[in-house]
Amino acid sequence: MGALMPEALDAAARLERIGIVADVLCITSPGQLYRAVQARQGHGDAESWILDQLLPADRATPMVTVLDGHPHTLAFLATVNRVASTSLGVSNFGQVGSLDEVYKHHHIDTDSIVGAALDVTGQ
């Protein structure tokens with residue numbers, strides 16, 4: 101987790117230049133967050149306070165998740181505050197190229213993140 105932070109931060113900076121403020125979070129334990137979501141929905145006994153810390157309801161906005169793994173891994177995060185979302189990630193494997201080429205192929209490069217944010221916010 102965190103391999104795409106440079107792209108996410110670059111995308112946030114580009115979005116800010118056009119008037120869209122984006123929070124960027126690095127999720128290092130999606131399993132812990134998933135268990136917290138499940139507990140909040142009555143399907144477990146995990147602590148759910150972490151959801152309020154990372155995704156406070158008063159900052160709920162459309163969400164783009166980005167991962168150099170399967171996009172479904174973080175898709176559940178949008179359920180915390182029931183926000184519009186899109187999840188970017190790698191859903192097929194075996195490509196070869198430079199990091200920039202492979203990220204672009206999978207639509208997890210900075211341009212794709214910016215485009216996804218514009219789409220999910222209706223811009």
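Numbers given in the working numbering equal positions in the sequence shown, counted from 1, plus 100. We put the beta carbon where it would ideally sit given N, CA and C, even for glycine.
Any idea if E116 is buried or exposed, counting beta-carbon neighbours within 10 angstroms, 16 or more meaning buried? For this step, residue 116 is matched to residue 16 along the sequence shown. Here E116 is exposed: its Cβ has fewer than 16 other Cβ atoms, across all protein chains shown, within 10 Å.
Note to self: With a threshold of 8 Å, are at least 3 pairs of Cβ atoms found where one atom belongs to the region 210-219 and the other to the region 171-184?
What the structure shows: No, they do not touch.
Bridge partner(s) assigned by DSSP for V166: Here residue 166 refers to the residue found at position 66 of the sequence shown. Here V166 is bridged, per DSSP, to L188.
Would you mind reading off the limits of the alpha helix (DSSP H) that contains I150?
Indexing the sequence shown from 1 puts residue 150 at position 50. Boundaries of the alpha helix (DSSP H) harbouring I150: W149 to L154, taken from the DSSP string.
Spatial neighbours of Y134 in its chain, beta-carbon cut-off 7 Å, leaving aside the 5 residues before and after: Taking the first residue of the sequence shown as position 1, residue 134 is located at position 34. Cβ neighbours of Y134 beyond the five flanking positions: F176.
Buried versus exposed call for D200 [16 or more other C-beta atoms within 10 Å across all chains shown] = Position 100 of the sequence shown, counted from the start, is the residue given in the question as residue 200. So D200 ends up on the exposed side.
Notebook entry, point to check: For A111, does the count of other Cβ atoms within 10 angstroms reach 16, so buried, or fall short, so exposed?
Noted result: Position 11 of the sequence shown, counted from the start, is the residue given in the question as residue 111. Burial check for A111: the Cβ neighbour count within 10 Å reaches 16 or more, so the residue is buried.
What does the alpha-carbon distance come out to for the pair P156 and V196? Residue mapping note: residue 156 aligns to position 56 of the sequence shown, counting from 1. Residue mapping note: residue 196 aligns to position 96 of the sequence shown, counting from 1. Their Cα atoms are separated by approximately 39 Å.
### 8 Å contact criterion, which S185 and T165 should meet: CB distance rounded
Locating residue 185 in the sequence shown gives position 85, counting from the first residue. Locating residue 165 in the sequence shown gives position 65, counting from the first residue. That belief holds up - the Cβ atoms of S185 and T165 are roughly 7 Å apart, short of 8 Å.
*Neighbourhood of D125 by C-beta distance below 7 Å, restricted to the same chain and skipping five residues each side*: Your numbering for residue 125 matches position 25 in the sequence shown. For the record, residue 125 in the displayed sequence is Leu; it is not Asp. Answer for L125: L154, listed in chain order.
Check: In chain order, what residues of the same chain have a beta carbon less than 7 Å from the beta carbon of H207, not counting five sequence neighbours either side?
Finding: Numbered from its first residue, the sequence shown carries residue 207 at position 107. Cβ-Cβ distances below 7 Å link H207 to L188 in the same chain, with the five nearest sequence neighbours on each side left out; the list follows chain order.
Among V220, Y203, T221 and G222, which has the Cα closest to the Cα of E107?
Along the sequence shown, one-based indexing puts residue 107 at 7. Among V220, Y203, T221 and G222, the Cα nearest to that of E107 is on Y203.
Compare the C-alpha of T128 against each of M105, S198 and A146 and name the closest. The sequence position of residue 128 within the sequence shown is 28, counting from 1. Nearest to T128 by C-alpha distance, out of M105, S198 and A146, is M105.
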